[in-house]
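Each remark here refers to the structure printed beneath this line.
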Amino acid sequence: MSDFQPAAGGAGLRVDLLAIANLIGTNSRVLDVGCGDGALLQFLADHKDVDGRGIELSQAGVNACVSLGLSVVQGDADADLANYPEQAFDYVVLSQTLQATRNPRQVLLELVRIGRRAIVTFPNFGYWRIRWRLLMGGRMPMVGGLGEHWYETPNIHPCTIRDFEVLCSDLGLSIEHQRVLDDEGKAQAGRWANLFGGQALFMLRRH
Amino acid sequence: MTDPVFSESGEPPSVHGGESVTFGKGRPLHLDCGIELEQFTLAYQTYGELNAEKSNAILACHALTGDQFVAGAHPVTGKGGWWGLMVGPGRPLDTDRYFVICVNVLGGCMGSTGPKEINPATGKAWGPSFPFITVADMVRAQVMALDHLGIDQLFCVLGGSMGGMQALEWAVSYPERVFSAVPIATAARHSAQNIAFHEVGRQAIMADPEWCEGNYLLQGTHPHAGLAVARKAAHITYLSEAALRRKFGRKLQDREALSFGFDADFQVESYLRHQGSTFVDRFDANSYLYITRAMDYFDIAAEHGGHLANAFKSTPVRYCLISFTSDWLFPTAESREIVRALNAEAANVSFVEVETDKGHDAFLLDEPEFFKTLAGFLDGAAKRRGLKG
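These protein sequences, in sequence, are chains A and B.
For the first sequence, our numbering gives the first residue as 1, with consecutive numbering after it.
For the second sequence, our numbering gives the first residue as 1001, with consecutive numbering after it.
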């Protein structure tokens, strides 16, 4: 789903995943929701001695992860997070997946219930290229991590950075850390983030 | 299951080769039915070498009709073991790295104490006086065998079907003695449908006049007809409709046209008859009754206040659950229920569903994705356990 390239010095890890990894403390317990091929979990196990678990929707992804020795189960964020106990993990990661869930609001609440901290990344629908495409082309934009046609995209709930901040506020979630990345993975910040940031990264916790 | 181990003729084979341990009067086995088994024997096989730390032992648990001869030539039939593809140098259960043990279950008929063995108190075969056993009893007996071998903690306990039940029972009842567990194509309790199929099999055996109320060994009779029917009915449940269609379809057996009789016109009938007739040569009818009953009684949640997650409270065991898409005897939903209960305890669990049309029997067959998953899980666990590659 992401257009990101491997990061320099990140052992082949994509820049957005490396940005997540940098937030995670050593020896912590991590649940990666939508862990894909397990790249982040593998990196965390190798470099941060993390006790990691994963949930992945695609069976092929799950099987690949388990073959690598990672602890991953087949499941999806909407249905399966409710099974986990309160505060069972130090960090729960939801990377590039929130916009594809049926009920992002409920998923966010589950993340901060299960984990002491939730790390969420998503493509920013307020990104200037997306606005430009819609404004000039008059068609659904297909850029910045939102690469499929409107009729086949799994991204049923895209949002802007500002939308996300409002939802966090409504849910009473504290934003502990926030950054946006452009296409090259360079950090953008400040009041123009919602315009110039292609990808958003938030670390949240309950008040 | 579709076990390649069978002899072509004669009596249930007596077992030569292999190892066994007999526990004497001082160490009775307390069975769930309330009886104390004063003296009993367990026959087992080992593969590979136990390391100096005794940390590389894997207990492979066999299914309903399996036995301890997991791999290599069977001493009786000369054919390969039920997991010959799985166990050996460079295979997923790599005997260059792991020490693999398999124990013939209590109640079995390949050397461990069961209804066809002699009751030391009477000097006669146990027959129908053999006490009722449970999966937990089988595991309690195995714990004594592991004590005998001086192994405090298994690196892994695994098995398919009833072997998976034993793996679960081990991990739940002896979590400190199990580093990792791989229950395959199994369930936390035997379903109503599966109990129903077992009932049909048992009734077929008991309806055979040669069963003689279970005393056929004393009477010199052989309930082969009943046991063969039980095997045939069960065998259908191990396959899938797609696999039967692919293998046999409606093809005729050694003939050009229908016979208008009850002969085995169809290849599938001939195949089942072969499965039935070879099975009775290697399996004891009373063992079949007792072991199917043990499976029926299996219900881990019931032993933990009716709530499956209670069984996994604070478990340190690394779990990997594996199911197969076309398995309708132990469908994926059964494994998923165990995974949900483990997740409720934030336990360390992996779960893989393997795409195959081979039904329940897939766990005994050459399924590359299954092998790759299992090898990967074991390798990851071995690194955590500090076992050398």
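For glycine and all other residues, C-beta sits at the position ideal for the given N, C-alpha and C.
In chain A, which residues lie with their C-beta within 7 Å of the C-beta of B/Lys1372? Locating residue 1372 of chain B in the second sequence gives position 372, where the first residue counts as 1. For B/Lys1372, the residues of chain A that pass the 7 Å Cβ criterion are Ser67, in the order they occur in the chain.
In chain order, what residues of the same chain lie with their CB nearer than 6 Å to the CB of A/Trp150, ignoring the 5 residues before and after it? Residue numbering aside, residue 150 of chain A sits at position 150 when the first sequence is read from its first letter. Once the five neighbours on either side are set aside, the close Cβ partners of A/Trp150 are Met140.
With C-beta atoms as the reference, is A/Gly69 less than 7 Å away from B/Asp1379? Taking the first sequence and counting its residues from 1, the one referred to as residue 69 of chain A is at position 69. Taking the second sequence and counting its residues from 1, the one referred to as residue 1379 of chain B is at position 379. Using a Cβ distance threshold of 7 Å, A/Gly69 and B/Asp1379 count as a contacting pair.
Listed by chain order, chain A residues near B/Asp1379 by CB distance under 8 Å: Taking the first residue of the second sequence as 1, we reach residue 1379 of chain B at position 379. Those within 8 Å of B/Asp1379 in chain A are Gly69.
Using C-beta distances below 6 Å, list every residue in its chain close to B/Glu1019, excluding the 5 sequence neighbours before and after it, in chain order. Here the question's residue 1019 of chain B lines up with position 19 in the second sequence. Take B/Glu1019, set aside five residues on each side of it, and the residues of its chain with a beta-carbon closer than 6 Å to its own are Tyr1044, in chain order.
Any C-beta of chain A sitting closer than 7 Å to the C-beta of B/Glu1199? Taking the first residue of the second sequence as 1, we reach residue 1199 of chain B at position 199. At a cut-off of 7 Å, the C-beta of B/Glu1199 has no neighbouring C-beta in chain A.
Considering only DSSP beta bridges, list what B/Pro1183 is partnered with. In the second sequence, residue 1183 of chain B corresponds to position 183, counting from 1. For B/Pro1183, DSSP records a beta bridge to B/Gly1159.
Take the Cβ of B/Val1015 as the centre, count every other Cβ of all protein chains shown within 10 Å, and call the residue buried at 16 or more, exposed below. For the purposes of this step, residue 1015 of chain B is taken as residue 15 along the second sequence, with counting starting at 1. Note on B/Val1015: pLDDT 41, under 50, position unreliable in the model; no value is reported.
Just to confirm my understanding: we take B/Val1070, look at its own chain, exclude 5 residues before and 5 after, and list those with CB closer than 6 Å. What are they? For the purposes of this step, residue 1070 of chain B is taken as the residue at position 70 of the second sequence. Its chain contains Ala1060, Gly1081, Trp1083, Val1087, Cys1102 as the residues whose beta carbon lies nearer than 6 Å to that of B/Val1070, once the 5 sequence neighbours on both sides are disregarded; these appear in chain order.
Give the DSSP bridge partners of A/Asp32, in chain order. Here residue 32 of chain A refers to the residue found at position 32 when the first sequence is read from its first residue. DSSP, once it has assigned bridges, lists A/Gly54, A/Val93 as partnering A/Asp32.
Terminal residues of the continuous alpha helix (DSSP H) containing B/Cys1033? Indexing the second sequence from 1 puts residue 1033 of chain B at position 33. Segment: none, B/Cys1033 is in no alpha helix (DSSP H) and carries neither H nor E.
Note down the Cα distance separating A/Val50 from A/Val72, rounded to an integer number of angstroms. Here residue 50 of chain A corresponds to residue number 50 of the first sequence, with the count starting at 1. Here residue 72 of chain A corresponds to residue number 72 of the first sequence, with the count starting at 1. Cα to Cα, the separation comes out at about 14 Å.
Quick one: what's got a C-beta closer than 7 Å to A/Ser2's C-beta in the same chain, skipping five residues either side? Against the first sequence, residue 2 of chain A aligns to sequence position 2. Annotation note: pLDDT 46 at A/Ser2 (below 50); position unreliable, coordinate value reported separately. Cβ neighbours of A/Ser2 beyond the five flanking positions: Arg14, Asp16, Gln96, Gly145.
Is there contact here, the stretch 1317–1330 of chain B with the stretch 1289–1302 of chain B, by at least three beta-carbon pairs under 8 Å? Cβ pair count under 8 Å is below three, so no.
Using a Cβ-Cβ cutoff of 8 Å, what residues of the stretch 1342–1373 of chain B are near chain A? List them in chain order. Result list: Asn1343, Ala1344, Glu1345, Ala1346, Asn1348, Val1349, Ser1350, Phe1351, Val1352, Glu1353, Val1354, Glu1355, Glu1369, Lys1372, Thr1373.
Determine the closest residue to B/Asp1137 out of B/Ala1057, B/Leu1029, B/Arg1091, with distance taken between C-alpha atoms. As a first step, residue 1137 of chain B is located in the second sequence; it is residue number 137 there, counting from the start. Answer by Cα proximity: B/Leu1029.
Would the stretch 1185–1192 of chain B and the stretch 1247–1256 of chain B be scored as touching if the rule is three or more Cβ pairs under 8 Å? Under the three-pair Cβ rule at 8 Å, the stretch 1185–1192 of chain B does not count as touching the stretch 1247–1256 of chain B.
Contacts of A/Tyr91 in chain B (Cβ-Cβ under 8 Å): What you label residue 91 of chain A is simply residue 91 of the first sequence in a count that begins at 1. The premise fails here: A/Tyr91 is roughly 13 Å from chain B at the closest Cβ pair, so nothing lies under 8 Å.
Just the Cα atoms here: how many angstroms apart are B/Lys1025 and B/Thr1041? Taking the first residue of the second sequence as position 1, residue 1025 of chain B is located at position 25. Taking the first residue of the second sequence as position 1, residue 1041 of chain B is located at position 41. Looking at the two C-alpha atoms, the distance is approximately 12 Å.
What's the gap between the Cα of B/Leu1239 and the Cα of B/Arg1177? Residue numbering aside, residue 1239 of chain B sits at position 239 when the second sequence is read from its first letter. Residue numbering aside, residue 1177 of chain B sits at position 177 when the second sequence is read from its first letter. Cα to Cα, the separation comes out at about 34 Å.
Which residues in chain B have a C-beta closer than 7 Å to the C-beta of A/Val72? List them in chain order. Stepping through the first sequence from its first residue, residue 72 of chain A is reached at position 72. For the C-beta of A/Val72, the chain B residues within less than 7 Å are, from N- to C-terminus, Ser1350.
A/Asn155 versus B/His1304: straight-line alpha-carbon distance, rounded: Counting from one through the first sequence, the residue named residue 155 of chain A turns up at place 155. Counting from one through the second sequence, the residue named residue 1304 of chain B turns up at place 304. Taking the Cα positions, A/Asn155 is about 42 Å away from B/His1304.
Taking Cβ-Cβ distances shorter than 9 Å, what residues in chain A pair up with B/Lys1388? As a working note, residue 1388 of chain B is residue 388 in the second sequence. Listed along the chain, the chain A residues whose CB falls inside 9 Å of the CB of B/Lys1388 amount to none; the nearest CB is some 15 Å away.
Using a Cβ-Cβ cutoff of 7 Å, what residues of the stretch 112–146 of chain A are near chain B? List them in chain order. For the stretch 112–146 of chain A, no residue has a beta-carbon sitting nearer than 7 Å to a beta-carbon of chain B.
State the Cα-Cα distance for the pair A/Arg131 and A/Phe125, rounded to the nearest angstrom. One-based indexing of the first sequence puts residue 131 of chain A at position 131. One-based indexing of the first sequence puts residue 125 of chain A at position 125. The C-alpha of A/Phe125 is placed about 8 Å away from the C-alpha of A/Arg131.
Under 7 Å, Cβ to Cβ, is there at least one residue of chain B near A/Val107? As a working mapping, residue 107 of chain A is identified with position 107 in the first sequence. Not a single CB atom of chain B sits nearer than 7 Å to the CB of A/Val107.
Between A/Ala45 and A/Gly52, how many whole angstroms is the CB-CB distance? I'm expecting something under 8 Å. Position 45 of the first sequence, counted from the start, is the residue given in the question as residue 45 of chain A. Position 52 of the first sequence, counted from the start, is the residue given in the question as residue 52 of chain A. Their Cβ separation, rounded to whole angstroms, is 6 Å, which keeps A/Ala45 and A/Gly52 in contact under 8 Å.
Report yes or no: is there a C-beta of chain B within less than 7 Å of the C-beta of A/Asn83? Locating residue 83 of chain A in the first sequence gives position 83, where the first residue counts as 1. Contact of A/Asn83 with chain B is assigned, a C-beta pair being separated by under 7 Å.
Enclosing beta strand (DSSP E) for B/Ile1338 [first to last residue]: For the purposes of this step, residue 1338 of chain B is taken as the residue at position 338 of the second sequence. First-last for B/Ile1338: 1332–1344, but that is the alpha helix (DSSP H), not the beta strand (DSSP E).
Inter-residue spacing [alpha-carbon to alpha-carbon] between B/Val1100 and B/Thr1046: By 1-based counting over the second sequence, the position of residue 1100 of chain B is 100. By 1-based counting over the second sequence, the position of residue 1046 of chain B is 46. Approximately 6 Å, taken between the alpha carbons.
B/Glu1011, buried or exposed, once every other Cβ within 10 Å from all chains shown has been counted against 16: The residue you call residue 1011 of chain B lines up with position 11 of the second sequence. No answer about B/Glu1011 holds up, because its pLDDT of 38 lies below 50 and its placement is not dependable.
Residues of chain A with CB closer than 9 Å to the CB of B/Ser1383, please, in chain order. As a first step, residue 1383 of chain B is located in the second sequence; it is residue number 383 there, counting from the start. Looking at the sequence provided, one finds Lys at residue 1383 of chain B rather than Ser. Listed along chain A, the residues sitting closer than 9 Å to B/Lys1383 by beta-carbon distance are Gly69.
Please work out which residues of its chain come closer than 7 Å, Cβ to Cβ, to B/Phe1006, disregarding the five sequence neighbours upstream and downstream, and give them in chain order. Sequence index remark: in the second sequence, residue 1006 of chain B carries index 6 (1-based). Residue confidence is low: B/Phe1006 scores 32 on pLDDT, short of 50, so the model does not pin down where it sits. Its coordinate-derived value is still stated next. These residues qualify, in order along the chain: Thr1077, Thr1278, Phe1279, Asp1281, Arg1282.
If you measure from the beta carbon of A/Ala77 to each beta carbon in chain B, is any gap under 7 Å? Residue mapping note: residue 77 of chain A aligns to position 77 of the first sequence, counting from 1. Put simply, the CB of A/Ala77 is far from chain B, with every gap to its CB atoms at 7 Å or more.
Where does B/Tyr1406 fall in DSSP's three states? Residue 1406 of chain B is absent from the model: chain B starts at 1001 and stops at 1389.
Cα-Cα separation, B/Ala1052 to B/Ala1264: Here residue 1052 of chain B refers to the residue found at position 52 when the second sequence is read from its first residue. Here residue 1264 of chain B refers to the residue found at position 264 when the second sequence is read from its first residue. When rounded, the distance between both Cα atoms is 56 Å.
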